[in-house]
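So the sequences go chain by chain: A and B.
Per full-length UniProt numbering, the first sequence runs over residues 1 to 311.
Per full-length UniProt numbering, the second sequence runs over residues 1 to 211.
For glycine and all other residues, C-beta sits at the position ideal for the given N, C-alpha and C.
Here the structure comes first, spelled out in structure tokens, and everything after it is commentary.
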Amino acid sequence: MDQPTLPIPISFISGRYLLFSIDDVTYLRREYNTCGVLIGTLPQIPQQNVFLGLPLELMPEEARLLVDKGVACIVDEAKAHDGMQSLLEEDRRQYLRELESQGLHATRILAERKDQQRDQKFKEKSDKKAATARAAAKAGGGDKHDSPATPANDSPASVADFFDDSASAKASTSTVPEQIYAVTPTTSYPPLPRPSTSSNNILARPDVPLSYPLFAHLQSRGYFLSPGLRFGCQYVAYPGDPLRFHSHFLVVSAEWDQEIDLMDIIIGGRLGTGVKKGFLLGGPQLSREQAESEIERTESVRTFSIEWAGM
Amino acid sequence: MASTQSEVPTLEPSALTNLIASASASGNLLSATTIQVLHNLQHQHLWTSLQIHDTGASQTATDPANGSSKDISGAPTLISGIPPHRVYTHPDQQLYMLGKGIHEDDLRPERLFVIPTAQGQTWSLRRMASAFDAMAEFQIVEDGEGRAAPEVDAEKAQKLDEYYKKREETLATKEWGAQRLLLAMVDKGMGGDGTVVYYVVQEGEVKPRQN
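Structure representation (structure tokens):
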């Protein structure tokens, strides 16, 4: 369990807060209840979106909370990459060569594995054939009419298989792979120095919606929060890691004197009960005018859990 | 026109309408919503020992029919009573009871508070919180009125004693949830049929019963 160097740089790119390092992602999930949403997909097949990978997108609330805790900082990614031009030409070539050799290495490993699999398959096949041949020979001892039929049916197929396999095997092993895999690194920190907190690429704390105090309040109680669109709420609250627990609450935030339609409470309560969750309504008692900071507002949060009474 | 109108047989107003009309005629300041919810609890859900706890500041607030629900400072009127069956049991409480072999019906009946509201009424977190704060002031000592606890043998009585002791402890730790009350909403919208729905509202993050 290695700890990444703090503060973790959160990349701010066209209005989104993104993380590109898997070490940072796992660390924040493990230590700070921050899951975010994986949004990386295959450039060629973007409709394949069941299993997504890096980068991880953070809600502004998540980014703000991490910055407030001093765990992370917001980096203006476009500015940070200006440094790319100042890289020495020699360093750049060296880096590109390195990437290429990594790609070549990956290609070789894959080719070797393919060969191994093919050999394995071929061996299994020939073993099987030998076994059936033996069985046929045994059976042939009893019945003289059937015995020549079995090998006769089998042998042309096996010859064809043999030729097929050996031909393709020869082609792939003997030649140097024409297509070297392109390696796309997820972070640009090997060629570039890791952005430092003192540099002028660091942006101010993210602006957050009015629901931030409730978010921070639930986070401090150990809840994992994810965006709530799929349940028609603001956040879905899990009592632990979402991979291990079902969620407990559909969370909706309101200001202390904000008018709430009673029907919305009924809707939330009924939906929550229908999906075995509670409906959590809450908010800070202090408005932004009354409080000096969001931290003060967070301390004044009161919440109410609502469930259908069943009567 | 006058002659045709007299021929149409007039419908008798419902018992509830009569009750509300007589209450307001007699100078009773309670709102129609409160009376209707009380009526529903008493006759449909068979609650006993019903009481109305009036904070005095809420007359204008709880009547949406007048459209004058602008008073948001006062705490709403509360109703309290004893339900015939337990309405809510916290999941951890249920687990504890299962472990001890205690059935819900063995327990002493508990008084529960209800906030009467009507569809279309304005609501806010402040009002919700003020209802909870007001409820804390109204805690009543039960004088044995209403349903008494059922007779049990000595073994069960001991288990129940343990349970009540644990219950006292959890009131402090809020392990089994803190304060709770029922939010009652009367259907008064267009085509309102007088249905009253009830939702359990608890202060704080209380895990759901079925998860």
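Distance between residue j and residue i (C-alpha atoms, nearest Å)
i: A:His15; j: B:Thr17; result: Per the sequence presented here, residue 15 of chain A reads as Gly, with His not at that position. About 58 Å.
i: A:Arg134; j: A:Lys121; result: 20 Å
i: A:Gln258; j: A:Gly283; result: 10 Å
i: B:Val37; j: B:Leu98; result: 33 Å
i: A:Glu307; j: A:Ala182; result: 54 Å
i: A:Leu6; j: B:His45; result: 59 Å
i: B:Ile35; j: B:Pro116; result: 9 Å
i: B:Asp63; j: B:Ala134; result: For B:Asp63, the predicted structure reports a pLDDT of 42, less than 50, and the residue's modelled location is therefore unreliable. The matter cannot be settled from this model.
i: B:Leu19; j: B:Glu104; result: 35 Å
i: A:Gln219; j: A:Leu66; result: 11 Å
i: A:Leu42; j: A:Asn49; result: 9 Å
i: B:Lys165; j: B:Gln158; result: 11 Å
i: A:Glu299; j: B:Val196; result: 36 Å
i: A:Gly272; j: B:Pro208; result: 9 Å
i: B:Asn40; j: A:Ile266; result: 18 Å
i: B:Tyr198; j: A:Gly269; result: 10 Å
i: A:Thr34; j: A:Pro242; result: 11 Å
i: B:Gly24; j: B:Tyr88; result: Inspection of the sequence shows that residue 24 of chain B is occupied by Ser rather than by Gly. Their backbone Cα atoms lie some 34 Å apart in a straight line.
i: A:Gly240; j: A:Ser101; result: 42 Å
i: A:Gln47; j: A:Thr186; result: 21 Å
i: B:Gln51; j: A:Gln3; result: 60 Å
i: A:Lys114; j: A:Glu124; result: 15 Å
Proximal chain A residues relative to residue i, where beta-carbon distance stays under 9 Å
i: B:Ala129; result: Trp256, Gln285, Arg302, Phe304
i: B:Leu183; result: Leu262, Ile265, Ile266, Gly269, Ile306, Ala309
i: B:Gly202; result: In the sequence as displayed, the identity of residue 202 of chain B is Gln instead of Gly. What B:Gln202 touches in chain A: Gly278, Phe304, Ser305, Ile306, Glu307.
i: B:Thr170; result: Those within 9 Å of B:Thr170 in chain A number zero; the least Cβ separation is about 16 Å.
i: B:His90; result: In chain order: nothing, as chain A lies at least about 11 Å away.
i: B:His45; result: Met311
Buried/exposed call for residue i, threshold 16 Cβ in 10 Å
i: B:Glu203; result: buried
i: B:Ser31; result: buried
i: A:Val37; result: exposed
i: A:Asp261; result: exposed
i: A:Gly232; result: exposed
i: A:Ala130; result: exposed
i: B:Leu95; result: exposed
i: B:Leu11; result: exposed
i: A:Ala204; result: exposed
i: B:Pro9; result: exposed
i: A:Thr303; result: buried
i: B:Pro76; result: buried
i: B:Gln93; result: buried
i: B:Ala136; result: exposed
i: A:His248; result: buried
i: A:His217; result: buried
i: A:Ile109; result: exposed
Listed by chain order, chain B residues near residue i by CB distance under 8 Å
i: A:Pro239; result: Lys207
i: A:Arg221; result: Glu205
Partners in chain B for residue i, counting only beta-carbon separations shorter than 9 Å
i: A:Glu61; result: Under the 9 Å cutoff, chain B gives no residues; its nearest Cβ is about 17 Å from A:Glu61.
i: A:Phe224; result: The premise fails here: A:Phe224 is roughly 13 Å from chain B at the closest Cβ pair, so nothing lies under 9 Å.
i: A:Phe215; result: By Cβ distance, chain B contributes nothing, its closest Cβ being about 13 Å from A:Phe215, past 9 Å.
i: A:Phe249; result: Glu205, Lys207, Pro208
Residues that residue i contacts on chain A, provided the C-beta gap is smaller than 7 Å
i: B:Arg126; result: Trp256, Asp257
i: B:Val8; result: Within chain A, no residue comes near B:Val8; the closest Cβ sits about 35 Å away, beyond 7 Å.
i: B:Val197; result: Ile266
i: B:Thr122; result: Glu259
i: B:His39; result: Correct list: empty, because the minimum Cβ distance to chain A is about 15 Å.
i: B:Gln210; result: Lys276
Contacts that residue i makes with chain B (C-beta to C-beta distance below 7 Å)
i: A:Leu280; result: Glu205
i: A:Phe231; result: Near A:Phe231 there are no residues of chain B at all, since even the closest Cβ is about 13 Å away, more than 7 Å.
Per-residue contacts from residue i into chain A (C-beta, under 8 Å)
i: B:Gln119; result: Leu262, Met263
Cβ contact check for the region 6 to 26 of chain A and the region 40 to 58 of chain A: 3 or more pairs under 8 Å: yes
Alpha helix (DSSP H) runs wholly inside the region 263 to 310 of chain A, at least 4 long, in chain order: 294 to 299
Given 8 Å, three or more beta-carbon pairs between the region 169 to 181 of chain B and the region 265 to 279 of chain A: no
Three or more C-beta pairs below 8 Å linking the region 23 to 30 of chain A and the region 90 to 100 of chain A: no
Segment contact flag, the region 74 to 91 of chain B with the region 40 to 54 of chain B, C-beta cutoff 8 Å, min 3 pairs: yes
Whole runs of the alpha helix (DSSP H) within the region 181 to 230 of chain A, excluding any shorter than 4 residues: 212 to 220
Residue ranges of each beta strand (DSSP E) within the UniProt domain "tRNA-splicing endonuclease subunit Sen15" (158 to 211) of chain B, 3 or longer: 180 to 186, 196 to 203
The region 283 to 301 of chain A / the region 210 to 219 of chain A touching (three or more Cβ pairs under 8 Å): yes
Segment contact flag, the region 120 to 133 of chain B with the region 243 to 258 of chain A, C-beta cutoff 8 Å, min 3 pairs: yes
In chain order, each beta strand (DSSP E) run of at least 3 residues that lies wholly inside the region 67 to 135 of chain A: 72 to 76
Within the region 20 to 50 of chain A, ranges of the beta strand (DSSP E) (whole runs, at least 3 residues): 37 to 40
Ordered list of beta strand (DSSP E) runs contained in the region 74 to 114 of chain B, each at least 3 residues: 78 to 82
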